[in-house]
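In what follows, a single structure is set out as structure tokens and then discussed.
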């Protein structure tokens with residue numbers, strides 16, 4: 028990498044909003060630790076912040092479209108990271124996003140991966156929630172705790188489709 032491209036990359040990183048950096052860190056964690064290449068093939072991924080600015084194609088699709096290597100089924104994963112539950116609940120999307128995810132769910136199942144913790148690449152809690160049970164833009168901990176998965180173990184095909 029040349030000096031000027033190194034400077035350019037550094038400036039992009041400097042001017043990227045912190046919320047996007049955090050989201051991308053959690054997305055990378057999910058792809059590396061939860062939906063690993065061993066079990067799942069990445070078909071599509073939404074653009075990162077800097078990519079959107081340069082070659083933006085409007086898309087409200089979930090973050091990942093994946094194929095299960097064992098069953099060949101395709102599915103979507105919408106990845107959300109929050110630092111904590113506030114008064115026992117967390118807002119994970121807007122009404123508009125929820126409606127669009129429901130449309131995507133007609134084509135292939137949509138799963139929400141919700142990470143909670145102080146560090147996005149080492150969340151304390153991870154939940155794998157099927158969109159079919161997400162009736163609102165908020166999740167209450169008491170309702171989604173049964174969808175908790177181990178944050179350090181990769182997901183297998185069997186565990187995914189049991190949801």
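Residue numbers (the numbering used here): 28 to 190.
Note that the Cβ used here is the ideal one computed from N, Cα and C, for glycine as well.
(1) Within 10 Å of its beta-carbon, does residue 109 have 16 or more other beta-carbons around it, so buried, or fewer, so exposed?
(2) Within 8 Å, do at least three Cβ pairs link the stretch 94 to 108 to the stretch 134 to 147?
(3) Our contact map puts residue 156 next to residue 141 with C-beta atoms below 8 Å; I'd like the distance itself, whole angstroms only.
(4) With a threshold of 7 Å on Cβ separation, who are the neighbours of residue 79 within its own chain once the five nearest residues in sequence on each side are excluded?
(5) Here's a check: name, in chain order, each residue in its chain whose Cβ is nearer than 6 Å to the Cβ of residue 158, leaving out the five neighbours to either side.
(6) Cutting at 6 Å between CB atoms, please list the residues of its own chain near residue 107, excluding the five before and the five after it.
(7) According to DSSP, what are the bridge partners of residue 157?
(8) What did DSSP end up calling residue 57 once you bin it into helix, strand or coil?
Taking the coordinates as given:
(1) buried
(2) yes
(3) 7 Å
(4) Residue placement at residue 79 cannot be trusted, given a pLDDT of 48 that sits under 50; what the coordinates show is reported in the next sentence. Taken in chain order, the list of residues that qualify is empty.
(5) 128, 132, 137
(6) 119, 141
(7) 138
(8) helix
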